[in-house]
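Note that our numbering has the sequence shown beginning at 1, numbered continuously upward. A virtual CB, placed ideally from N, CA and C, is assigned to each residue, including glycine. Keep in mind the model is a prediction, meaning the values are calculated, not measured. The structure appears below as structure tokens.
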Amino acid sequence: MDDVDVTVVLPAYNEAGHILNEIERINAGFAASPYTHEILLIDDGSTDDTAAIVAGAPHVRLVRFNQNRGAGASRRYGTQHAHAPIVAWTDADMSYPNERLPDLVAALERSGANQIVGARRTEEGTHKWARIPAKWVIRKIAESLSRSSIPDLNSGFRAFYRKDALPHLWLLPDGFSCVTTITLAFLCNGLTVEYWPIDYAKRAGKSHFRPIGDAYRYILQVLRMITFFAPLRVFAPPALFLLLLGLGKFLFDIIGGLIRDGDPFRLAANTVLFIVTGLLLFAIGLLADLIVRVGQRVNEPDNNTV
């Protein structure tokens, strides 16, 4: 399996009840396509028979973690050790249309994009009451900060060119927000991401999603990623808001002082606080932006080198 077209990275944690069905769906899809493939199955510290069941399955290369490290760690490892130039991510819980992975890869090649994401038409996961509003808020924050339209920020069904992803793998967290991270890493570095509508089914087995904890980590990861690549988009809006608020309060203090006692130079402490805080935030943003630009310049290839 050293010379294949596509590596399917498939994290699995206690998926013994349906893992063979997933493998069969993936293999059947690629058998009817022009692509050769391997399934790099990462057994993420399963406590059931997942590893024993898939051992020796066709087109499967099995890697076992001795403890549960998270889907992000599995996908990071799988992408690093993929044998193919194109890497596909998916889940092993029967929720994504894995038989259509070859179509996703074909769409990637057709589009000329660096990454293509399966955008889900519906939300069928557990805790829908928490998932839908939380994902909407997080997606809107990411769209505003990245200045891109993102139909599905959290989809685990995607394909990309391995060479484009390798420089960003160290940024991937161990948990579920790795899919958010790889999307934003591409967008913030000028790489193109296209979206491909897919159907989404209710998952098999037990969900590992935690509404409050995972939503908090998603928001934190979005802010961290945008700050890493475009810090002024994070610091400039609150800085300008505070400066405008301080200017308005400054004029209010001046006019109020003239009207009350004829003294135009009496400023409230909160006026000074608004202005100084706004200036400090803007200065931090400028400094962070300078650091990012210097880092990008240092990492650029030297075109004069023979």
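Have a look at Ala73 and Phe241 and give me their C-alpha separation to the nearest angstrom.
Taking the sequence shown and counting its residues from 1, one reaches residue 73 at position 73. Taking the sequence shown and counting its residues from 1, one reaches residue 241 at position 241. Using only the alpha carbons, I get a separation of about 38 angstroms.
DSSP three-state label for Val272, please.
Working through the sequence shown from its first residue, we reach residue 272 at position 272. Of the three classes helix, strand and coil, the one that applies to Val272 here is helix, per DSSP.
Could you spell out the range, first to last residue, of the beta strand (DSSP E) harbouring Ile150?
Taking the sequence shown and counting its residues from 1, the one referred to as residue 150 is at position 150. Careful: Ile150 lies outside any beta strand (DSSP E) and carries neither H nor E.
Looking only at its own chain, which residues have a Cβ that is under 6 angstroms from the Cβ of Leu108, when we skip the five neighbours before and after it?
Within the sequence shown, residue 108 is the residue found at index 108, counting from 1. Hits under 6 angstroms: Ile116, Ala159.
Taking His83 as the reference, give the member of Lys163, Met94, Pro151 with the closest Cα.
By one-based count along the sequence shown, residue 83 stands at place 83. Measuring from the Cα of His83, the nearest candidate turns out to be Lys163.
Going by beta-carbon coordinates alone, are Leu145 and Leu223 separated by less than 9 angstroms?
For this step, residue 145 is matched to residue 145 along the sequence shown. For this step, residue 223 is matched to residue 223 along the sequence shown. Pairing Leu145 with Leu223 gives a Cβ-Cβ distance under 9 angstroms.
Taking the C-alpha atoms as reference points, what is the distance between Gly17 and Ala236?
On the sequence shown, residue 17 is found 17 positions in, with the first residue counted as 1. On the sequence shown, residue 236 is found 236 positions in, with the first residue counted as 1. A straight line joining the alpha-carbon of Gly17 with that of Ala236 spans about 50 angstroms.
For Val4, the first and last residue of its enclosing beta strand (DSSP E):
On the sequence shown, residue 4 is found 4 positions in, with the first residue counted as 1. Run containing Val4: none; DSSP gives neither H nor E here.
With 16 as the cutoff for other CB atoms within 10 Å, does Thr50 come out buried or exposed?
Mapped onto the sequence shown, residue 50 falls at position 50. By the neighbour-count rule (16 or more Cβ atoms within 10 Å), Thr50 is buried.
Using 9 angstroms as the threshold, is the C-beta distance between Leu184 and Met225 below it?
Numbered from 1 along the sequence shown, position 184 holds the residue referred to as residue 184. Numbered from 1 along the sequence shown, position 225 holds the residue referred to as residue 225. For Leu184 and Met225, yes; Cβs fall inside 9 angstroms.
Use the C-beta contact count for Gly56: other C-beta atoms within 10 angstroms, 16 or more gives buried, fewer gives exposed.
Within the sequence shown, the letter at position 56 stands for residue 56. When all chains shown are included, Gly56 counts as exposed.
When the Cα atoms are used, what is the spatial distance from His168 to Leu62?
For the purposes of this step, residue 168 is taken as the residue at position 168 of the sequence shown. For the purposes of this step, residue 62 is taken as the residue at position 62 of the sequence shown. So the two alpha carbons sit approximately 24 angstroms from each other.
Cβ-Cβ distance between Ala113 and Asp91 below 9 angstroms:
Working through the sequence shown from its first residue, we reach residue 113 at position 113. Working through the sequence shown from its first residue, we reach residue 91 at position 91. No, the pair does not count as a contact, with Cβ atoms beyond the cut-off.
Indicate whether the contact test is met: 3 or more Cβ pairs, each with one atom in the stretch 260-279 and one in the stretch 183-200, closer than 8 angstroms.
No, they do not touch.
Length of the line joining the Cα atoms of Tyr96 and Phe274:
Locating residue 96 in the sequence shown gives position 96, counting from the first residue. Locating residue 274 in the sequence shown gives position 274, counting from the first residue. So the alpha carbons of these two residues sit roughly 49 angstroms apart.
According to DSSP, is Thr305 part of a helix, a strand, or is it coil?
By one-based count along the sequence shown, residue 305 stands at place 305. With a pLDDT of 39 at Thr305, under the threshold of 50, the modelled position of this residue cannot be trusted, and the question is left open.
Excluding sequence positions up to five away, which residues of its chain have a Cβ less than 7 angstroms from the Cβ of Asn233?
Here residue 233 refers to the residue found at position 233 when the sequence shown is read from its first residue. Reading off the sequence shown, one finds Arg at residue 233, where the question assumed Asn. Excluding residues within five positions, the ones whose Cβ falls inside 7 angstroms are Leu145, Ile226.
Work out the CA separation of Ala134 and Ala288 for me, nearest whole Å.
Mapped onto the sequence shown, residue 288 falls at position 288. Mapped onto the sequence shown, residue 134 falls at position 134. The straight-line gap from Cα to Cα measures roughly 29 angstroms.
Do Tyr161 and Val87 have their beta-carbon atoms positioned less than 9 angstroms apart in this structure?
The sequence position of residue 87 within the sequence shown is 87, counting from 1. The sequence position of residue 161 within the sequence shown is 161, counting from 1. Yes, these two residues count as a Cβ contact at 9 angstroms.
Kindly indicate the opening and closing residues of the beta strand (DSSP E) around Phe65.
The residue labelled residue 65 in the question sits at position 65 within the sequence shown. First-last of the beta strand (DSSP E) with Phe65: 60-65.
Are any of the Cβ atoms in chain D nearer than 9 angstroms to that of Ile141?
Looking for chain D here will not work: only one protein chain is present.
Member of Arg25, Gly156, Trp170, Phe229 whose CA lies at the smallest distance from the CA of Trp196
For the purposes of this step, residue 196 is identified with residue 196 of the sequence shown, where counting begins at 1. Checking every option, the nearest Cα to that of Trp196 belongs to Gly156.
Only counting the same chain, and skipping five residues up and downstream in sequence, which positions put a Cβ closer than 7 angstroms to that of Ser46?
Taking the first residue of the sequence shown as 1, we reach residue 46 at position 46. Same-chain partners within the cutoff: Ala12, Tyr13, Asn14.
Rounded straight-line distance, which links the Cα of Ile150 to that of Thr307
Past the edges of the chain, shown from 1 to 306, lies residue 307, and the structure says nothing about it.
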